[in-house]
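J.: Below: one structure in structure tokens.
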């Protein structure tokens, strides 16, 4: 009796093992390990970037002359304190980037830059500001809208003419200096005309070198002569004029 029960148990186990083997062959994925997914979120809660910010930009002045100082200030606002992160300032004109600067915000969410002093005149520049929060900050980034606008005009100049008197037989010389009030010299050309009794006797156009020019003219008869000088201006500088006079002495 015991042998019969043992035989049935062995046969049942064998049948069950065979059925499992067939099932594994027909569907091998049935025993595959479950897929593990890793979520790369090293930032702790509260979830980063969950607080909306706004960025406003303000210029000390919307217009200026070539060589003038100007600043741009960005203020980042949010329902939370803004005391970290940076602001990226970009200066563009006619679709081209001319300057980029990055500054950290202070405890009040404010960042300030000095605009390039020698932005070319006769142009309008757009200054944008983009707030970039620190990694894992609850603050979201934002950009200025509207952007700042800065128009640069030509700088005024002062022209000084110097025409010393000469002895008879010596050629007249005219010296010109053009001052812009900047460390940079004015560029361009000057026109020099010598006249007597409203009749122009000689005229020349010469280029400036380090803001000055010198022209030598043909010999002239004794008498009094007038000199008219005009700086013709340039991309960054306005034109200006001056006059002087000289005498050709009869004696040597």
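In this note's numbering, the protein residues as written are 27 to 278.
Glycine included, every Cβ here is placed at the ideal spot set by N, Cα and C.
A quick note: this is a predicted structure, and the numbers were derived from the prediction, not measured.
Please specify which runs of the alpha helix (DSSP H), each continuous and at least 4 residues long, are wholly inside the segment 189 to 273, giving them in chain order.
T.: none
J.: Can you grab the Cα-Cα spacing for the pair residue 119 / residue 264, in whole Å?
T.: 21 angstroms
J.: Between the alpha carbons of residue 110 and residue 209, how many angstroms are there, rounded?
T.: 38 angstroms
J.: Please classify residue 119: does DSSP put it in a helix, a strand, or coil?
T.: strand
J.: Reducing DSSP to helix, strand and coil, say where residue 62 ends up.
T.: The predicted model places residue 62 with a pLDDT of 41, which falls under 50 and marks its position as unreliable, so this point remains unresolved.
J.: Is the separation between the beta-carbon of residue 101 and that of residue 116 shorter than 8 angstroms?
T.: Not a contact, by the Cβ cut-off of 8 angstroms.
J.: Compare the beta carbon distance of residue 173 and residue 152 with 8 angstroms and say whether it is the shorter of the two.
T.: A contact, by the Cβ cut-off of 8 angstroms.
J.: In angstroms with no decimal places, state the Cα-to-Cα distance between residue 192 and residue 241.
T.: Cα atoms of residue 192 and residue 241: separation of roughly 14 angstroms, rounded to the nearest angstrom.
J.: Whole angstroms are fine: how far does the CA of residue 167 sit from the CA of residue 138?
T.: 17 angstroms
J.: Please list, in chain order, all residues of the same chain as residue 211 whose beta carbon is under 6 angstroms from its beta carbon, the five residues on each side excluded.
T.: Correct list, in chain order: 236 and 237.
J.: Out of curiosity, what's the CA-to-CA distance linking residue 198 and residue 245?
T.: Straight-line Cα distance between these residues: approximately 7 angstroms.
J.: For residue 184, tell me which candidate among 171, 219, 205 and 169 has the shortest Cα-Cα distance.
T.: 205
J.: When burial is assigned at 16 or more other CB atoms within 10 Å of the CB, is residue 79 buried or exposed?
T.: buried
J.: Using C-beta distances below 8 angstroms, list every residue in its chain close to residue 91, excluding the 5 sequence neighbours before and after it, in chain order.
T.: Cβ-Cβ distances below 8 angstroms link residue 91 to 147, 178, 179, 180, 181 and 182 in the same chain, with the five nearest sequence neighbours on each side left out; the list follows chain order.
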